[in-house]
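Chains V and Z, in that order, give the protein sequences.
Here the first sequence stands for residues 20 to 271, where the numbers follow the working numbering.
Here the second sequence stands for residues 20 to 271, where the numbers follow the working numbering.
The structure appears below as structure tokens.
2 protein chains.
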Amino acid sequence: MNLVAQFAVEYKVPCDKCPLRDCSVFRPLSDGELDLLSDFKIGEFKVEGGATLFAEGVRSDQLFTVLQGWAFRYKTLEDGRRQIINFILPGDFIGLQSTLDAEMEHSVETLTAASFCTFPRKRLTDFFARSPRLAFDVTWLAAREERVLDEHLLSLGRRTARERAAYYLAHLFVRAEEVGLAVEGRVRFPFTQQHLADALGLSLVHTNKILRRLTYDQLVEWEHGLFRSPNLAGLAELGGFDLEARRERPLL
Amino acid sequence: MNLVAQFAVEYKVPCDKCPLRDCSVFRPLSDGELDLLSDFKIGEFKVEGGATLFAEGVRSDQLFTVLQGWAFRYKTLEDGRRQIINFILPGDFIGLQSTLDAEMEHSVETLTAASFCTFPRKRLTDFFARSPRLAFDVTWLAAREERVLDEHLLSLGRRTARERAAYYLAHLFVRAEEVGLAVEGRVRFPFTQQHLADALGLSLVHTNKILRRLTYDQLVEWEHGLFRSPNLAGLAELGGFDLEARRERPLL
DNA sequence: CGTTCTATTGAATAACGTCAAGGACGGTGG
DNA sequence: CCACCGTCCTTGACGTTATTCAATAGAACG
Numbered sequence: 020m021n022l023v024a025q026f027a028v029e030y031k032v033p034c035d036k037c038p039l040r041d042c043s044v045f046r047p048l049s050d051g052e053l054d055l056l057s058d059f060k061i062g063e064f065k066v067e068g069g070a071t072l073f074a075e076g077v078r079s080d081q082l083f084t085v086l087q088g089w090a091f092r093y094k095t096l097e098d099g100r101r102q103i104i105n106f107i108l109p110g111d112f113i114g115l116q117s118t119l120d121a122e123m124e125h126s127v128e129t130l131t132a133a134s135f136c137t138f139p140r141k142r143l144t145d146f147f148a149r150s151p152r153l154a155f156d157v158t159w160l161a162a163r164e165e166r167v168l169d170e171h172l173l174s175l176g177r178r179t180a181r182e183r184a185a186y187y188l189a190h191l192f193v194r195a196e197e198v199g200l201a202v203e204g205r206v207r208f209p210f211t212q213q214h215l216a217d218a219l220g221l222s223l224v225h226t227n228k229i230l231r232r233l234t235y236d237q238l239v240e241w242e243h244g245l246f247r248s249p250n251l252a253g254l255a256e257l258g259g260f261d262l263e264a265r266r267e268r269p270l271l
Numbered sequence: 020m021n022l023v024a025q026f027a028v029e030y031k032v033p034c035d036k037c038p039l040r041d042c043s044v045f046r047p048l049s050d051g052e053l054d055l056l057s058d059f060k061i062g063e064f065k066v067e068g069g070a071t072l073f074a075e076g077v078r079s080d081q082l083f084t085v086l087q088g089w090a091f092r093y094k095t096l097e098d099g100r101r102q103i104i105n106f107i108l109p110g111d112f113i114g115l116q117s118t119l120d121a122e123m124e125h126s127v128e129t130l131t132a133a134s135f136c137t138f139p140r141k142r143l144t145d146f147f148a149r150s151p152r153l154a155f156d157v158t159w160l161a162a163r164e165e166r167v168l169d170e171h172l173l174s175l176g177r178r179t180a181r182e183r184a185a186y187y188l189a190h191l192f193v194r195a196e197e198v199g200l201a202v203e204g205r206v207r208f209p210f211t212q213q214h215l216a217d218a219l220g221l222s223l224v225h226t227n228k229i230l231r232r233l234t235y236d237q238l239v240e241w242e243h244g245l246f247r248s249p250n251l252a253g254l255a256e257l258g259g260f261d262l263e264a265r266r267e268r269p270l271l
């Protein structure tokens, strides 16, 4: 396992200069909030693709916001079966799932070179005290994550493989688009069909067959890592994904 | 749909007198915290079994802590397929999943007569301001919920039906035991096999067959609603459920 | 004691997984 | 430039798991 030595970098972008804030999905913060956030932030770091950020059973004393790059969060069973819980994109806040004294119960691995802002977990209570509003935002983000997992639970439990794939691809595409990763309706998906299979709870072979059929039905195109949907509305409808839902959220 | 008219009751147990606090799973609060919590609490209410507390697409301006009774949270697809996200037991804090301005994306229904403490969602920010520590607890609870869902996602995606059932039953039994619902190693499970099937993402028929086999293998007994495991360690091992994990948590 | 849920079981069918074998593609070294 | 290799993708054949359909038995409830 390629466990990364995390090193804080002196270079530190002030949060009000964060390029991600230009994305309209993110709720604007007041100047005071931005200062506070900048103060809470202790550094940045960058890792290559394929790096393990957290490992199951390892503690982390930091929280992260993804600046750029893709990663994924997963759990495994003893015999190696892997379930990808979610993909992690720029703007996502991670690390909350573990507590001060508890071990991480999942692993996080990068798919591409990626960079992160880091926040010290120890100062979270202080941070909460200084801005109840931002504290509420953190809680809100945790609750939002939970809602996303609710939906995936519904997928894994009750949607057919085809619906599930349609839902997930629509979901991923929209998420990527929100943070400016789409160019002319195309998004680079930096993962393999095996990753997708592990997210959908399907075998690789079956995932491939379903993907081929979705392609044949002109609902998706995914070649050389580049994804687009010739019929996003149709894809979303098949998967039961709500394209209209408001997705505004805070960015920490 | 039997949507309940929620009525606040004058009668109001102070939080420091809450009988649930005697359970050792719950982290003790300071006197100041208990006062603050009592102040945040605006009332109690009680509903019969089979009542719909929240409905998909309906807003709620309250948060709840379950005082007694069982409920479950679920989502449905248009054609009626239902996925139970989780069961809700005494001590559970619910309602955080929706936000001030967003609609509920799930429903909650009681399985038994149940009573709840209610907190006004509008005053949550004020509550956060007055105790960063309790604010952190709320966040922590949300993050903990997410960890539980992670594990269920792993179950639905990667565990066989048999493992999944074993995991879930062990999980439910331990949760019930934690809040004092076990009598001589037995817990009343107030739901049907259909509910369990909807939680496991399986059909009723298959759930029944697996249950019968677990019974034959002397891992579970579940008759007339009364559940026990003659071999909890074996059940947990089959399901990959960690009996040793620390489960202490705050109670709000 | 009927009526209505709920649980149980067998049989037929559909969905999905496993095994196995190629094919496409990009990188690497000669 | 080309042979070689590794990774990922693709496809068919076949086995397993889970679903659906159908029918009955058992409990719970007036």
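Glycine included, every Cβ here is placed at the ideal spot set by N, Cα and C.
Values in this document were obtained by computation on a predicted structure and should not be read as measured data.
Assuming contact is defined by CB atoms lying nearer than 7 Å, are residue i and residue j in contact in what I supplied?
i      : j      : result
V:K255 : V:L262 : Strictly speaking, residue 255 of chain V in this sequence is Ala, with Lys absent from that position. Yes.
V:E63  : V:A132 : no
V:V10  : V:R100 : Within the shown structure, residues of chain V are numbered from 20 to 271, placing residue 10 of chain V beyond reach of any answer.
V:V85  : V:E267 : no
V:L9   : V:F112 : Given that chain V is displayed from residue 20 to residue 271, the structure contains no residue 9 of chain V and the question cannot be resolved.
Z:P109 : Z:V198 : yes
Z:L175 : V:L175 : yes
Z:Q116 : V:R166 : yes
Z:L168 : V:L168 : yes
Z:D80  : Z:R142 : no
V:C37  : V:S57  : no
V:L188 : V:V239 : yes
Throw me the rounded Cβ distance for the residue i and residue j pair, which I believe falls under 8 Å.
i      : j      : result
Z:F155 : Z:F59  : Contact doesn't hold; Cβ gap of about 15 Å is too wide.
Z:L270 : Z:L39  : 6 Å
V:W89  : V:I107 : 7 Å
V:S134 : V:K65  : 4 Å
V:L230 : V:A184 : 7 Å
V:G259 : Z:R177 : Going by Cβ atoms, the distance from V:G259 to Z:R177 rounds to 22 Å, so no, they are not a contact pair.
Z:E75  : Z:E124 : 6 Å
V:E182 : V:L257 : 6 Å
Buried or exposed: which applies to residue i, given that a residue is buried once 16 or more other Cβ atoms fall within 10 Å of its Cβ?
i      : result
V:E250 : A small correction: the amino acid at residue 250 of chain V is Asn; Glu does not occupy that position in the sequence shown. Exposed, by the Cβ-count rule.
Z:G51  : exposed
Z:D98  : exposed
Z:R232 : exposed
V:Q237 : exposed
V:L119 : Because V:L119 sits at a pLDDT of 49, beneath the cut-off of 50, its placement in the model cannot be relied upon, and the point is left open.
V:T226 : buried
Z:K94  : buried
Z:E203 : exposed
V:A27  : Note that V:A27 has pLDDT 48, beneath the 50 cutoff, so the model's placement of it is unreliable and no number is given.
V:V157 : buried
V:A252 : exposed
Z:T217 : A quick correction: the sequence has Asp, not Thr, at residue 217 of chain Z. That one is buried.
Z:L22  : Because the pLDDT at Z:L22 is just 48, under 50, the model does not fix this residue reliably, and the value given afterwards should be weighed accordingly. The residue is exposed, with fewer than 16 neighbouring Cβ atoms inside 10 Å.
Z:Y235 : exposed
Z:S248 : buried
Z:A24  : Here the model assigns Z:A24 a pLDDT of 48, short of 50, so the residue's position is not dependable, and the following value carries that caveat. Exposed: under 16 other Cβ atoms inside 10 Å.
V:A162 : buried
V:A70  : buried
The stretch 208-221 of chain V in contact with the stretch 238-252 of chain V per 3-pair CB rule at 8 Å: yes
Contiguous beta strand (DSSP E) assignments of at least 3 residues, all confined to the stretch 134-211 of chain Z: 205-207
At least three beta-carbon pairs within less than 8 Å, the stretch 145-153 of chain V to the stretch 143-150 of chain Z: yes
Every unbroken alpha helix (DSSP H) within the stretch 29-105 of chain Z, with a cutoff of 4 residues, ordered by chain: 50-59
3-residue-minimum beta strand (DSSP E) runs that sit fully inside the stretch 219-246 of chain V, ordered along the chain: 240-242
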